[in-house]
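Novice:
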Amino acid sequence: MNELMRRLLMLPEQASTIAGPLDRLHYAEFLALNLIALVLGAAGLWFLVRYRRRPGRLATPRFTYPVWLEATFIGGLLAMFLLWFVLGYRQYLGFQVPPGEAVEVYVTAKQWMWKFANAEGPSAVGVMTVPAGRPVKLILTSRDVIHSFYVPDFRIKQDAVPGRYTTVWFEAREPGRHQILCAEYCGTGHSQMPGEVVVLSGRDYDAWLAGERVTGEGDLAAFGQRVAADQGCLGCHTVNGTRGLGPTWRDLYGSTVSLTDGSRVTADEAYLTESMMDPQAKVVAGYPPVMPSYLGILEAPETAALVQFIKSIASEAARAGAPSPTASPGTSGPATSGADGGDR
Amino acid sequence: MSAEPDYLHATRGLGSWLTTTDHKRIGILFLWTVSAALLLGGVFAILLRLELLTPGRTFVDPMTYNRFFTLHGVIMVWMFMIPSIPTSFGNFMLPIMLGAKDVAFPRLNLASWYVYLAGAAIVLTGMVLGGTDTGWTFYTPYSSKTPADVAPVVLGVFVLGVSTIITGINFIVTTHTLRARGMTWHRMPLFVWSIYATSVIQVLATPVLGMALVLVALDHALALGVFDPAAGGDPILYQHVFWFYSHPAVYIMVLPAFAVISETVCALSHKNPASYRAIAYSSVGIAFVGFLTWGHHMFVSGMSALDVGVFSVLSMLVAIFSAIKVFAWVGTMYRGSIAFRTPMAYVIAFLVLFGVGGMTGVAVATAALDVHWHDTYFIVAHFHFIMVGGTITAFLAGLHYWFPKMFGRLYPERWGLLAAALVFGGFLLTFIPQFLLGNAGMPRRYYEYPERYQALHVLSTGGSWLIGVGLAVTVVYLVWALRYGPPSGDNPWGSKGFEWLAPSPPPPHNFHETPVITHGPHEYFRPEA
Amino acid sequence: MAHRVHVHVSVGGYVATWIALLALTTLTLLLSFVHLGPFSTPIALVIAAGKALLVALFFMHLVEQRAANWLALLAGVLLLGVFVALAAADPATRPTTDEPIRPPAAGSARPLS
Amino acid sequence: MWEPTLRFQFEDRAKQAHAARLGMWVFLVSEMLLFGALFALYAAYRTTYPAAFAGATRLTDLTLGTANTYVLVTSSLVVALSLAAARRALGRLAGGLLALALAMGALFLVLKGVEYSAHFREGLYPGTYYRYAGMPDRGAQVFFSLYYLMTGLHALHVLIGMIVLAWLAWLALRGRFGPDGDTPLELGAMYWHFVDIIWLFLWPMFYLIH
Ligand code: HEA
Ligand code: HEA
Ligand code: CUA
Ligand SMILES: [Cu+2]
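Chains G, R, C and E supply the protein sequences, listed in that same order.
Start counting the first sequence at 1; every next residue gets the next number (my numbering).
Start counting the second sequence at 345; every next residue gets the next number (my numbering).
Start counting the third sequence at 874; every next residue gets the next number (my numbering).
Start counting the fourth sequence at 987; every next residue gets the next number (my numbering).
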């Protein structure tokens, strides 16, 4: 029954503990409303046919409904509405406070990315790692405009408001991956604010917490690759030459890049670093100025590692020294001057 | 019978129209401008549906898309929907229904049209200059940080609001002071009750929007920071102020639709309304309780949980009034003599679509459920069911029902029914998939979307084209009928609504003899009245 | 012309109203120097409302006017009251974030090595 | 004496006058809600920053604010008396009184201007422009945003009211008002009283409650 209704209504999977009860309330209201609509519709249709205009029957009787009938309708509806209010509000209050000890994750939203800091562990951009079977409390804020943290599979949504902290909690039922969407309009990149919840089993989660601290050694480019994944760069940039939301990194280093203002620059270390810290300073032609600034987010070694990583991604031809401009001017979008990088 | 020319022919020339103070002519002027706004807003709708055909880029970039839906919302809400029925049919019918010769302040009435034009011109200038990209809600702090121009559109909306207030004052005073002899409050047509309630909301709510817009403009232009957290401001308070207007505003949009449906359902069923008082009083009830529910747009905004509870239960209460009306309209058909003509077809469409839209409204007013639905396509579907399925449908019902009254001609019935079927079918195809999209978690105001949602989006886009065709057909045959429609006679529907006491089209001062009212409207059970 | 007999507020009435207004103003001013704690706000606003009512009734002649005008004012005042009350109720009843939240300061991303 | 015309849509003159009055009331209630948005913001922000608002109230100039209250209340009386004079067909007296009220309105604005410039010297600017070192508090920033918005909007209304009064004074001096034809004067006076009423609330909100 649950499964049938869920599929019928095209609801996503029920990956959190609150999803099941919430969906059941949804089904109840859905069925009640449809029943009423059906009765009402049938009555209307019946009247339409039964009392259609026929010649010779012009004057209609005076007809008013008895007061008790009106009162019954109103009273019945009112009772039903109040019931829904009570049920819905009780569940809503349940969404506010986590049951018992919760893992805390600080969520910072900004145009257009999510940053997660586990209270007991490391932080990352775009990927939130949490354990299954334990309540997780999110403490949200925003660095610029209002965003909204939405995980359809969990049925939770909470605005992240600048200057304030809001909270929400969930308990994932099983290990798995779930998409995070931004549900409050926040500008050009609103539909491209990628994020993912990675739910690990309790043991894996502990290992992840412990493991984070020891890895990160090895050669700089490999470290850069890890940073790129963690910070969400790869949500917009590819390493295989295809176009993402941003330009690909393949063959980027050393190439000549055309910018929206018509000028060209050579992609050297300084340019790459500036692109991360002040992306709006030089915007690649054909791309919207949507890349967030990482000033204050990337540590110096991370920046260095990223540059090293980008340098390492080159095709054979480029290695041989042949100049190959990567940023091809595509259909150009209107350039907006003074676009704020979103960083204060 | 004097051979006095009707209001359309009393004077001639464009100048006589542009300087007229005749409420009927002003109504016609508004009808044209408002229809043009619908067309423009519809063009944006078609464009944004087109972009949503594919998950990635279809034909515009994200910034353009964001401007599309903002302008679509702004134009539809403030240039079409809010003025639509009150300024056109309201202006035309309200004084006649009251047995008056004109509204209380005719010159103010004309001024309202010019103010509307000025506001519309400013909005359109803003549009040409690039438009804004904040969404029709202008939420801060985004609206104070966006690189797009905010001021022209905001200013235009402010001016449109002034026009709304002027019309509202005029209608309130007219209803109080210009009722014909014998026209007691309980003999007023249901149309008048609804428009009166609408005017009350217009007058009380619109100034608050005005102030909210001024603050947005100041925050954007001067970085004043009333809502800027860095300067101690609270963005949530902007939402309170905005919705304090904008929830009542949705009743500004739908009460006039109730007004039209109350008249048409009686006239085409040839029956007295089931429970006149219930329909009349519930309009007033909506006008007041409707002011107390604004917070239901803010359930996940970080508003206090106490306010969530208060606004949730009050939203449930306000829905009762609409439910009463729906039952009363269906009940009116019972034992009537129903003519299934175009207006009636639209009445049926209205009952179905508004019923579904309103019921989903009650569902989203359930606080816990709204957490999943908020800012998804479920909400988009909810409000289009009410605004398109409800108000536009009622607008079309009124347009057909009063076409003979306004122009003295008949529209082609078969074409009317065909177009109604197209609009209705297209509507269902456009917006039912959007409910499912919302359930599946598709957020609104998304330029790009995950591929799993594409099938439903394609259906929706197809539906929007059907609506477009249906409306285009309507425009064509109505314009045709203006010239070539057969003369209708004074009362082609055999209606007992009071507006039909005057000739069709009416003479400049509406009546050859001022009527004296001895009974309520739509009393078809009287042999002769 | 059917001349409706109007009860006009007399000149004496105006002057009396004015004196009352001045008196209430002075009263408010004096009260503001007395420490009234939580009552200072309601008292000041109640007096202001009383003064406003005097102005409306006598200077603006509401006493002698028809019910419709009363209704207009009443509707507006009622609504404004609800607006103010419900808007202020939100910040007043939000959960306070007094307990120290560790703000994820800029750049707190922990070095991975 | 100027006889007002009865417009064709009205039954009689009493109804016409009632229509005008009702229209004015509805308009004023609408105006009230324009201020209402700011009142609601004030209430909400005061709830958020009670201490800062109380402190900031001490920064405004109580003497000037109170003086202005007396000025405005008295000008209201003068306008009311002018209506009474006009109804007794004392056109010149009515006009003179209106001119007096006009002067009081001007005095109000001058005092307000003095207050503003004193604030500017101290750096008590609104919102993000706030520079006052004595009270570096976000709440005070918001307080002064609201202070300037509300008193500014009110001052704008005083200005509009003065234009209306000037026009009415001119009409009165030309003997245009009498026992039956005082509607424009009555409506103009209502507007002036409304402006007075708003100030009756602004005064405790920004000068007194601490
Ligand atoms: C004309 C416009 C209009 C109207 C009349 C309504 C009417 C209602 N609306 Fe809607 N609404 C909008 C336009 C409208 N709305 C818009 C534009 C938005 C989105 C704004 C934005 O964010 O951009 C919105 C959003 C919106 C939300 C916020 C959702 C969100 O963003 O999370 C909510 C929440 O409670 C809501 C509730 C209601 C309710 C309870 C009614 C009630 O008044 C409905 C009452 C009607 C009925 C109940 C139907 C008739 C009755 C029957 C058929 C009898 C049987 C009924 C039952 C058994 C239920 N609306
Ligand atoms: C108030 C009225 C209103 C109306 C009528 C419509 C009508 C339509 N709307 Fe819109 N819509 C809104 C108000 C309205 N909308 C609002 C407020 C928003 C939110 C904006 C925001 O997020 O900020 C929105 C958002 C919105 C979205 C979501 C965008 C997003 O979130 O990314 C979509 C997507 O499908 C959409 C589609 C449509 C469609 C297909 C129609 C169709 O029904 C349109 C049909 C009309 C035509 C095709 C024109 C044809 C007309 C003629 C041929 C002439 C007629 C002339 C005479 C009768 C004389 N609308
Ligand atoms: Cu972030 Cu939308
Ligand atoms: Cu609402």
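Cβ atoms here follow ideal geometry from the backbone N, Cα and C, with glycine treated the same way.
Check whether the region 541 to 557 of chain R and the region 586 to 598 of chain R touch, using three or more Cβ-Cβ pairs below 8 Å as the test.
Specialist: yes
Novice: Name the residue from R:425, R:480 and R:458 whose alpha carbon lies nearest to the alpha carbon of residue 413 (chain R).
Specialist: Taking only the C-alpha atoms, the option nearest residue 413 (chain R) is R:480.
Novice: Look at residue 305 (chain G) and residue 223 (chain G) and say whether their C-beta atoms are less than 7 Å apart.
Specialist: yes
Novice: Let me know the alpha helix (DSSP H) ranges lying completely inside the region 1128 to 1153 of chain E, each 4 residues or longer, listed in chain order.
Specialist: none
Novice: List the residues of chain R whose Cβ lies closer than 9 Å to the Cβ of residue 1114 (chain E), in chain order.
Specialist: 566, 567, 568, 569, 572, 574 and 575
Novice: Going by beta carbon distance, what residues of the same chain come within less than 8 Å of residue 599 (chain R), once the five residues before and after it are set aside?
Specialist: 538, 539, 541, 542, 545, 627, 630 and 631
Novice: Closer than 7 Å, CB to CB, is residue 714 (chain R) near chain C or not?
Specialist: no
Novice: Going straight from the alpha carbon of residue 706 (chain R) to that of residue 358 (chain R), what length do you get?
Specialist: 48 Å
Novice: Quick one, which of R:745, R:411, R:768 and R:453 has its alpha-carbon nearest residue 517 (chain R)'s?
Specialist: For the residues R:745, R:411, R:768 and R:453, the minimum Cα distance to residue 517 (chain R) belongs to R:453.
Novice: Is residue 1066 (chain E) closer than 7 Å to residue 956 (chain C) when the C-beta atoms are compared?
Specialist: no
Novice: Could you confirm whether any beta carbon from chain C is found closer than 7 Å to the beta carbon of residue 1140 (chain E)?
Specialist: Not closer than 7 Å to any Cβ of chain C, the Cβ of residue 1140 (chain E) fails to qualify, so no.
Novice: Return the CA-CA distance between residue 93 (chain G) and residue 959 (chain C), expressed in angstroms with no decimal places.
Specialist: 19 Å
Novice: How about residue 1179 (chain E): is its C-beta nearer than 7 Å to some C-beta of chain C?
Specialist: yes
Novice: With 16 as the cutoff for other CB atoms within 10 Å, does residue 995 (chain E) come out buried or exposed?
Specialist: buried
Novice: Hey, could you find the ends of the beta strand (DSSP E) residue 171 (chain G) is sitting in?
Specialist: 166 to 171
Novice: Is there a Cβ from chain R that is less than 7 Å from the Cβ of residue 237 (chain G)?
Specialist: No - not a single Cβ of chain R is within 7 Å of the one on residue 237 (chain G).
Novice: Could you name the residues whose beta carbon sits closer than 5 Å to any heavy atom belonging to ligand 5, keeping them in chain order?
Specialist: You won't find ligand 5 in this model; what it holds is ligand 1, ligand 2, ligand 3 and ligand 4.
Novice: Here's a check: name, in chain order, each residue in its chain whose Cβ is nearer than 6 Å to the Cβ of residue 187 (chain G), leaving out the five neighbours to either side.
Specialist: Shown here for residue 187 (chain G): same chain residues with a beta carbon closer than 6 Å to its own, the five before and five after excluded, namely 111 in chain order.
Novice: By the 10 Å Cβ neighbour count, where 16 or more other Cβ atoms means buried, how is residue 1191 (chain E) classified, buried or exposed?
Specialist: buried
Novice: What residues sit near ligand 3, counting only those whose C-beta is closer than 5 Å to one of its heavy atoms, in chain order?
Specialist: Cβ atoms closer than 5 Å to ligand 3 belong to G:147, G:182, G:186, G:190 and G:193.
Novice: From residue 644 (chain R) to residue 823 (chain R), what does the alpha carbon distance come to, in whole angstroms?
Specialist: 47 Å
Novice: How close, in whole Å, do the beta carbons of residue 774 (chain R) and residue 807 (chain R) come, if the pair is a contact with beta carbons under 8 Å?
Specialist: 3 Å
Novice: Taking 6 Å as the cut-off, does the CB of residue 584 (chain R) come closer than this to any heavy atom belonging to ligand 4?
Specialist: no
Novice: Just mark residue 998 (chain E) as buried or exposed, buried being the case when its beta carbon has 16 or more other beta carbons within 10 Å.
Specialist: exposed
Novice: Between R:487, R:376, R:863 and R:494, which lies nearest to residue 819 (chain R) when the distance is taken from Cα to Cα?
Specialist: R:376
Novice: Name, please, each residue of chain R whose Cβ falls closer than 9 Å to the Cβ of residue 959 (chain C).
Specialist: Ordered by position in chain R, the residues that pass the 9 Å Cβ test against residue 959 (chain C) are 584, 588, 636, 638, 639, 651, 654 and 655.
Novice: What did DSSP end up calling residue 835 (chain R) once you bin it into helix, strand or coil?
Specialist: coil
Novice: With a Cβ-Cβ cutoff of 7 Å, do residue 711 (chain R) and residue 88 (chain G) count as a contact?
Specialist: With contacts defined as CB atoms closer than 7 Å, residue 711 (chain R) and residue 88 (chain G) qualify as a contacting pair.
Novice: What does DSSP give as the partner residue(s) for residue 1009 (chain E) in the beta ladder?
Specialist: In DSSP, residue 1009 (chain E) forms no bridge with anything.
Novice: In the DSSP assignment, the alpha helix (DSSP H) including residue 159 (chain G) goes from what residue to what residue?
Specialist: Taken as a continuous stretch (DSSP letters only), residue 159 (chain G) belongs to no alpha helix (DSSP H), being part of the beta strand (DSSP E) at 156 to 160.
Novice: For residue 799 (chain R), which residues from the same chain have a beta carbon less than 6 Å from its beta carbon, with the 5 sequence-adjacent residues on both sides left out?
Specialist: none
Novice: For residue 435 (chain R), list the residues DSSP reports as bridge partners.
Specialist: Paired residue(s): none; residue 435 (chain R) is not in a bridge.
Novice: In the DSSP assignment, find the unbroken beta strand (DSSP E) run with residue 994 (chain E) in it and report its ends.
Specialist: First-last for residue 994 (chain E): undefined, no H or E at that position.
Novice: Can you give the Cα-Cα distance for residue 502 (chain R) and residue 945 (chain C), rounded to whole angstroms?
Specialist: Cα to Cα, the separation comes out at about 23 Å.
Novice: Are the beta-carbon atoms belonging to residue 466 (chain R) and residue 500 (chain R) less than 7 Å from one another?
Specialist: yes
Novice: What residues in the region 256 to 280 of chain G bring their beta carbon closer than 9 Å to a beta carbon of chain R?
Specialist: none
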